[in-house]
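The next block holds one structure in the form of structure tokens; read it before the comments.
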Amino acid sequence: MPNSFFNELLQQLSERGRAMLGLARDAAARGDVVELSEHLLSGRGEASGVALAKAVLDTYANAPLATRLAFLTALAERFGADPQKVEEAITAYREKPDAATLHRLHTAAEARRQELMRRLNLAPGGTAALVRMREELIEHLPNRPDLRAVDADFVHLFSSWFNRGFLVLRPIDWTTPANILEKIIRYEAVHEIHDWDDLRRRLEPPDRRCFAFFHPQLVDEPLIFVEVALTAEIPGAIAPLLAKDRKPIAAEAATTAVFYSISNTQRGLGGVSFGNFLIKQVVDDLKRDLPNLKTFVTLSPVPGFAKWLERERGFEASQALDAEAKTVLAALDEEGWHEDPATAEKVRKVLLPAAAWYFLKAKTPNGRPVDPVARFHLGNGARLERLNFLGDTSAKGLGQAHGLMVNYLYALEDIEKNHEAFAGSGEVIAAAAVRKQLKGERASRTLVPVTD
């Protein structure tokens, strides 16, 4: 009798599973990603759930753009929290505010799409597929603000799935498998790697290092990587570091580690911070292997400076630039201005104080520096150490910052203090040489916040 009951129960469960998978196959044949997702959420079996999750992701990946956008819209409109359950949970908590009713409220307030994403993540290759899905979602956000709640749920889950405990730091060198090296070339976002010889010059010499974070679910896919130059001093320009004919030094002779390029490789993971962990881990590894290193510094681009300066030059009531400064900076409109020593010197005397204003005074509406690279390094506890005129005279460097580059110094004994100052009050920790560029009356003025 017990065996008969057990066998009958298994048969019923099996029939229900087959029926659900049959419905799912019909939905997949129609390309109905939303219906497939409903089946996935309503199921409880792990095996059938994995198959359904794979069907959802495959159907989404193979669907036309309009269908994929319709699914993202459904995530916002159909897979949110149940308002009635939220109201009932709020009422229950008000009547009896204890741990049980608080948990009920927390559960009710969670959007159904979060559980859907968790189940999709169980499919083979699910994590990578969700990262690609979010990358596509980001493309729609400027014109579809209604999808921001979906994006926030992606970031919430990714922040857990990609936390530091799951990341593996691996050195990248010339012996690293070619499929990974190809991705380093492709993903380099700061200083383009032109070919394999260029990559070799960045990896093989004894005074060069490269490190990347990897995640177990994204095999051989670097999430973020940093290129490091070991030098005898803090550099002020990128060209000498990347020159074909430069003479390498022994790693043991270096005193300074220069982080000259940090590249995020997965746009779908934007907003999930790995960089602070990366820098701290690399510093620890370098100090362990090369105790002769005393200084840890970046050579960083200033991607928003040219755009900001153009706006200030056109703003009649600019507090950052007076009429005389605007006249001098008109030279920036002439091609090759930086190649004439006299013109370059005149521009330098005006551009560096303007750059100091840009970093120390120009703020977003929430009181943070307008430059995204500055926000990253200052938020990690670095100090704005030096402004480098014509540090990058490539077409990209001139276009985004009129050649300006900066050094951020990671003084290990001050990192925590600097981070707290920036996080608490938005204070920009800068060396005296940078602050001295702000002179006289203009140093006490406050710039109207900008929006980008």
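Under the UniProt record's numbering, the first residue of the sequence shown carries the number 1, and numbering increases by one thereafter.
Backbone N, C-alpha and C define an ideal beta-carbon position, used for all residues, glycine too.
What you are looking at is a predicted structure, and each value in this text was computed from that prediction instead of being measured.
About 10 angstroms separates the CB atoms of Leu321 and Leu351; that is not less than 8 angstroms, and the two are not in contact. Per DSSP, Thr176 lies in no alpha helix (DSSP H) segment and is marked neither H nor E.
Inside the region 257–309, DSSP marks whole alpha helix (DSSP H) runs of 4 or more residues at positions 275–289, from first to last along the chain.
Under a 10 Å Cβ-count criterion, Gly304 is classified as buried, with 16 or more other Cβ atoms of the shown protein chains found around its own Cβ.
Counting the other CB atoms within 10 Å of its CB gives Leu116 a total of 16 or more, which places it among the buried residues.
Ranked by Cα distance from Pro205, the options Gly236, Ala229 and Glu416 are led by Ala229. Nearest to Ala212 by alpha-carbon distance, out of Asp195, Gln266 and Pro240, is Gln266.
Between Gly271 and Val155, the beta carbon gap of about 5 angstroms places them in contact (Cβ cut-off 8 angstroms). Distance between Glu345 and Ile180, taken at the CA atoms: about 43 angstroms. Close CB contacts of Val258 within its chain, under the 8 angstroms cut and outside five residues either way in sequence, are with Val228, Ala229, Leu230, Thr231, Ile234, Pro235, Leu241, Val297, Thr298 and Leu299 (chain order). Gln437 sits close to Ala356, with the two beta carbons spaced by under 8 angstroms.
By alpha-carbon distance to Lys307, the top candidate from Glu316, Lys417 and His402 is His402. Here Leu52 is buried, its C-beta having at least 16 other C-beta atoms within 10 Å. The residues Met117, Leu120 and Asn121, in chain order, have a CB closer than 7 angstroms to that of Leu130 in the same chain once the five nearest residues on each side in sequence are set aside. The region 418–438 and the region 374–391 touch, with three or more beta-carbon pairs separated by less than 8 angstroms. Taking C-beta atoms under 8 angstroms as the contact rule, Val56 and Leu75 fail to qualify, at a distance of about 12 angstroms. Secondary structure note for Tyr408: its beta strand (DSSP E) is the uninterrupted segment Met405 to Leu409. Look at the region 29–97 and you find these whole runs of alpha helix (DSSP H), each 4 residues long or longer: 33–42, 46–62, 65–77 and 83–95. Within its own chain, the residues whose Cβ lies closer than 6 angstroms to the Cβ of Leu199, once the five positions on either side in sequence are excluded, are Ile185 and Ile193, listed in chain order. Sequence-distant partners of Asn292 (beyond 5 residues in either direction) whose C-beta falls short of 7 angstroms from its own C-beta, in its chain, are Glu252, Ala254 and Thr255.
Taking 4 residues as the shortest admissible run, the region 361–398 contains the following complete alpha helix (DSSP H) segments, listed from N- to C-terminal end: 372–379. Rounded to the nearest whole angstrom, the C-alpha separation of Arg435 and Trp161 is 41 angstroms. Judged by DSSP in its simplified three-state form, Glu252 adopts helix. Proximity to Phe359 across Ala395, Leu398, Leu404 and Ala317 peaks at Leu404, based on C-alpha coordinates.
Sixteen is the threshold: since fewer than 16 other Cβ atoms of the shown chains lie within 10 Å of the Cβ of Val219, the residue is exposed. In the same chain as Gln114, and ignoring 5 residues on each side of it, the C-beta atoms closer than 7 angstroms to its own belong to Asp153 and Leu157, in chain order. The three-state reading of DSSP puts Ile138 in helix, counting H, G and I together.
Excluding sequence positions up to five before and after Arg132, its CB lies within less than 7 angstroms of the CB of Gly268, all in the same chain and listed in chain order. The beta carbon of Gln217 sits closer than 6 angstroms to the beta carbons of Thr127 from its chain, once the five residues preceding and following it are set aside; these are given in chain order.
Distances from the CA of Arg208 to each of Phe79, Lys247 and Glu136 were compared; the closest alpha carbon is that of Lys247. A Cβ-Cβ separation of about 4 angstroms places Glu385 in contact with Asn407 under the 8 angstroms criterion. In the three-state DSSP reduction, Phe166 falls in the helix class (H, G or I). Secondary-structure assignment with DSSP links Phe213 through a beta bridge to Leu169 and Ile224. Within the same chain, and ignoring the five residues on either side of Val347 in sequence, the residues whose Cβ sits closer than 6 angstroms to its Cβ are Ala331.
For Asp197, the enclosing alpha helix (DSSP H) covers residues Trp196 to Leu203. DSSP places Arg186 in the helix class (H, G or I) of the three-state scheme.
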